[in-house]
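Each remark here refers to the structure printed beneath this line.
Protein chains: 2
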Amino acid sequence: MARNRVVKRKQSKADISRDKVLAAAVQVFSEKGYAGATMREVARVAGLSAGSLYYYFSSKELMMEAVINVSINNVSKTVLNAIAVQPPSASYSEKIKVAIKAHLQGILSSGANAVISRYLWVQIPDEVKRKHFIAQSAYEEFWLNLLIAAQEAGEIRTDLDVRLTRTIMLSAINAALDWYRPDGKSVDEIAETFFKIIKEGIVISGESDGPALTAPEAKKEATALK
Amino acid sequence: MARNRVVKRKQSKADISRDKVLAAAVQVFSEKGYAGATMREVARVAGLSAGSLYYYFSSKELMMEAVINVSINNVSKTVLNAIAVQPPSASYSEKIKVAIKAHLQGILSSGANAVISRYLWVQIPDEVKRKHFIAQSAYEEFWLNLLIAAQEAGEIRTDLDVRLTRTIMLSAINAALDWYRPDGKSVDEIAETFFKIIKEGIVISGESDGPALTAPEAKKEATALK
DNA sequence: GTCTATATGGTGATAGAC
DNA sequence: GTCTATCACCATATAGAC
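Below, the structure written as structure tokens:
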């Protein structure tokens, strides 16, 4: 889109500055929130004057939209690509593992970018929100289909609601943005633990009140507590 | 603390107004973010004039702090209480299930309150953040101890890092704040699915490449993708 | 307690020189 | 392209009447 000379040449001076501004915007928005971020601070971080920003983004809202767009497809492209290179012989379990790891790497490497679409969601102008929502939905659909296929292949339990499971899985992984620190566990270790828990759970096999079922069964559980 | 006539009488007119302001603040902060929220709007929602707010909170920052404090201990009290009434005979698996359900109910019923401590975290003034952090840590410690006890009792796998598992579990449940809608699955259903996945995983028992282990074993997994 | 001013400062955005 | 001004507005917070 913008800068319709997409095919040829390397970055012009304008493109370089635009990227610099965008990077600064990502940082400031993620630290201060949409309303809390000021054009003056974005400019300062970018090394420009406040007025100059308007050469690249004609409003704060459009700047926000650009910031979000950068992050949107990053993760989904990473994951789709990781799945695509899997051999057809790969089990769904393996595919899911690869997808989990790719998703985790995707969100954590895009850093502040991904933080924005989570923390700032509620404060984002409606029109920006709408566009982001559409791209997000398509990606979530991919995960749903992956789980459904795995279920039909007999690899995962049928007593779990697929949509709910998908939502829980994705949101659980996304939540790593809240607590991941570069000086802690490695992304690989985290992805590994995620996969183990999602795949097999935390309980020791054969333990106590009922293992994973193929068909709906244990139904009168829960309902404790209020 | 504040209003040191805690023990006696019912709410004075001032207390009622204070609560009204606090509730309005919760709503507006959660919708607009810390910086995006205006005292004028809080006042409007509370049915007061902007200036009147300062009778109860001498600054926007202190108002924010009050809002956060309301939500902090709600969830942890709910969970601790739910665990306390469990019979000593209850397995750790049962305790964990009860804790999951209580935590989920806690965050979802406190609604916008809990949203604040997640969405607005990055925008919160440092001093407020610090206090919130301490209370949060104590609660997370409780979960850690629960998992450690379960592990020592031989109920859960020892090949999972306990801290990481705790973090994943809690953040996964908290993430329900992002996607829960009152017109969708019931809280009970969601808690049930959470527990099933966390306990047993999504894979059909006995399936493919290795079930849950008691001891560290399968170690050369993963490392695919980059 | 709650109001109506209002002081004071910061914000997004624009205009026009270079 | 980037700057320096500057406008018009809205924010938090205060003062003092009721």
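Chains Z and L, in that order, are what the protein sequence lines are.
For the first sequence, the working numbering assigns the number 92 to the initial residue and increments by one for each residue that follows.
For the second sequence, the working numbering assigns the number 92 to the initial residue and increments by one for each residue that follows.
Where a beta carbon is used, it is the ideal one built from N, C-alpha and C, also for glycine.
Keep in mind the model is a prediction, meaning the values are calculated, not measured.
Contact the region 112-125 of chain L vs the region 155-162 of chain L: 3+ CB pairs below 8 Å: yes
Between the CA atoms of Val294/Z and Thr249/L - distance to the nearest angstrom: Mapped onto the second sequence, residue 249/L falls at position 158. Mapped onto the first sequence, residue 294/Z falls at position 203. Their Cα atoms are separated by approximately 9 Å.
Every unbroken beta strand (DSSP E) within the region 213-237 of chain Z, with a cutoff of 3 residues, ordered by chain: none
Counting C-beta neighbours from all protein chains within 10 Å, is the total for Arg257/Z 16 or more, i.e. buried, or is it exposed? Counted from its first residue, the first sequence places residue 257/Z at position 166. Buried, because 16 or more other Cβ atoms sit within 10 Å of the Cβ of Arg257/Z.
Residues of chain Z with a CB under 7 Å from the CB of Trp270/L: which are they? The residue labelled residue 270/L in the question sits at position 179 within the second sequence. Ordered by position in chain Z, the residues that pass the 7 Å Cβ test against Trp270/L are Thr258 and Ser262.
Does the pairing of the region 219-239 of chain Z with the region 268-280 of chain L give three or more beta-carbon distances under 8 Å? no
Name, please, each residue of chain L whose Cβ falls closer than 8 Å to the Cβ of Phe318/Z. Nothing can be reported for residue 318/Z: it is not among the residues displayed for chain Z, which extend from 92 to 317.
Between Val136/L, Lys222/L and Arg131/L, which lies nearest to Gly142/L when the distance is taken from Cα to Cα? Indexing the second sequence from 1 puts residue 142/L at position 51. Minimum Cα distance to Gly142/L is reached at Arg131/L.
Leu255/Z versus chain L: which residues are under 8 Å apart at the beta carbon? Locating residue 255/Z in the first sequence gives position 164, counting from the first residue. Residues of chain L passing the Cβ test: Lys276, Glu280, Ile281 and Thr284.
Determine, for Ser299/L, whether the minimum Cβ-Cβ distance to residues of chain Z falls below 8 Å. As a working note, residue 299/L is residue 208 in the second sequence. Residue placement at Ser299/L is flagged as unreliable, the pLDDT there being 43, under the threshold of 50; a coordinate-derived value is accordingly withheld.
Does the region 235-247 of chain Z come close enough to the region 173-186 of chain Z that 3 or more CB-CB pairs lie under 8 Å? yes
With a 10 Å radius around its C-beta and 16 neighbouring C-beta atoms as the bar for buried, classify Ser150/L as buried or exposed. Counted from its first residue, the second sequence places residue 150/L at position 59. Its Cβ having fewer than 16 others within 10 Å, Ser150/L is exposed.
Would you grab the beta carbon distance between Ile259/Z and Phe285/L for me? Rounded to a whole angstrom, and I think it's under 8 Å. Here residue 259/Z corresponds to residue number 168 of the first sequence, with the count starting at 1. Here residue 285/L corresponds to residue number 194 of the second sequence, with the count starting at 1. Indeed, because the Cβ distance is near 6 Å, the residues count as touching under 8 Å.
Under 9 Å between beta-carbons, which chain L residues line up against Glu152/Z? List them in chain order, please. Sequence index remark: in the first sequence, residue 152/Z carries index 61 (1-based). The contacting residues do not exist; Glu152/Z stays about 13 Å from chain L at best.
Does the beta-carbon distance from Val166/L to Gly197/L come in below 8 Å? Locating residue 166/L in the second sequence gives position 75, where the first residue counts as 1. Locating residue 197/L in the second sequence gives position 106, where the first residue counts as 1. The answer is yes: Cβ separation under 8 Å.
So for Val294/Z, helix, strand or coil by DSSP? The residue labelled residue 294/Z in the question sits at position 203 within the first sequence. If DSSP states are grouped into helix, strand and coil, Val294/Z belongs with the strands.
Can you tell me which of the three DSSP states Lys101/Z falls into? Working through the first sequence from its first residue, we reach residue 101/Z at position 10. Three-state DSSP puts Lys101/Z in coil, outside helix and strand.
Through-space distance from Glu122/L to Tyr146/L, alpha-carbon basis: In the second sequence, counting from the first residue as 1, residue 146/L sits at position 55. In the second sequence, counting from the first residue as 1, residue 122/L sits at position 31. Straight-line Cα distance between these residues: approximately 24 Å.
Entirely enclosed alpha helix (DSSP H) segments - the region 254-293 of chain L, minimum 4 residues: 267-270 and 278-291
Compare the C-beta of Val294/Z with all C-beta atoms of chain L and state if any pair is closer than 8 Å. The sequence position of residue 294/Z within the first sequence is 203, counting from 1. Closer than 8 Å to some Cβ of chain L, the Cβ of Val294/Z qualifies, so yes.
Tell me, which residues are paired with Ile247/L by DSSP? On the second sequence, residue 247/L is found 156 positions in, with the first residue counted as 1. According to DSSP, Ile247/L bridges with Val294/Z.
Distance cutoff 8 Å, beta carbons only. Does Lys290/L sit that close to anything in chain Z? The sequence position of residue 290/L within the second sequence is 199, counting from 1. Chain Z, which has a Cβ nearer than 8 Å to the Cβ of Lys290/L, makes this yes.
Measure the CB-CB distance between Ile264/Z and Ile191/Z and report whether it falls below 8 Å. Numbered from its first residue, the first sequence carries residue 264/Z at position 173. Numbered from its first residue, the first sequence carries residue 191/Z at position 100. The answer is yes: Cβ separation under 8 Å.
What separation, rounded to the nearest whole angstrom, lies between the Cα atoms of Asp106/L and Ser200/L? Here residue 106/L is taken as the residue at index 15 of the second sequence, counted from 1. Here residue 200/L is taken as the residue at index 109 of the second sequence, counted from 1. So the alpha carbons of these two residues sit roughly 22 Å apart.
Within 8 Å of any Cβ in chain Z, is that where the Cβ of Glu246/L sits? As a first step, residue 246/L must be located in the second sequence, where it is residue number 155. Chain Z, which has a Cβ nearer than 8 Å to the Cβ of Glu246/L, makes this yes.
Once the 5 residues before and after Glu246/L are set aside, which same chain residues still bring their CB inside 7 Å of it? Numbered from its first residue, the second sequence carries residue 246/L at position 155. Excluding positions up to five away in sequence, the list reads Ser182, Tyr183 and Ser184.
Cβ closer than 7 Å: which chain Z residues qualify as neighbours of Arg125/L? The residue you call residue 125/L lines up with position 34 of the second sequence. Note that residue 125/L is Tyr in the sequence shown, not Arg. Result: Gly124 and Gly127.
Of all Cβ atoms in chain Z, is any one closer than 8 Å to the Cβ of Asn164/L? Here residue 164/L refers to the residue found at position 73 of the second sequence. Chain Z, which has no Cβ nearer than 8 Å to the Cβ of Asn164/L, makes this no.
Looking at chain L, is there any beta carbon in it that lies within less than 8 Å of the beta carbon of Leu251/Z? By 1-based counting over the first sequence, the position of residue 251/Z is 160. Cβ-Cβ to chain L under 8 Å: yes for Leu251/Z.
Distance between beta carbons of Leu211/L and Tyr271/L, contact taken as under 8 Å: By one-based count along the second sequence, residue 271/L stands at place 180. By one-based count along the second sequence, residue 211/L stands at place 120. So it is not a contact: roughly 18 Å between Cβ atoms.
Answer with yes or no whether the minimum CB distance from Asn265/L to chain Z is below 8 Å. In the second sequence, residue 265/L corresponds to position 174, counting from 1. For Asn265/L, the answer is yes, since a Cβ of chain Z falls inside 8 Å of its Cβ.
Supposed contact pair Ala157/L and Phe148/L - C-beta distance, whole angstroms, cut 8 Å: Counting from one through the second sequence, the residue named residue 148/L turns up at place 57. Counting from one through the second sequence, the residue named residue 157/L turns up at place 66. About 6 Å; that satisfies the 8 Å criterion.
Under 8 Å, Cβ to Cβ, is there at least one residue of chain L near Ser167/Z? Mapped onto the first sequence, residue 167/Z falls at position 76. Not closer than 8 Å to any Cβ of chain L, the Cβ of Ser167/Z fails to qualify, so no.
Give the DSSP-derived three-state secondary structure of Thr169/Z in the structure shown. For the purposes of this step, residue 169/Z is taken as residue 78 along the first sequence, with counting starting at 1. Correct three-state label for Thr169/Z: helix.
Do Val219/L and Met154/L have their beta-carbon atoms positioned less than 8 Å apart in this structure? Here residue 154/L is taken as the residue at index 63 of the second sequence, counted from 1. Here residue 219/L is taken as the residue at index 128 of the second sequence, counted from 1. Going by C-beta atoms, Met154/L is not nearer than 8 Å to Val219/L.
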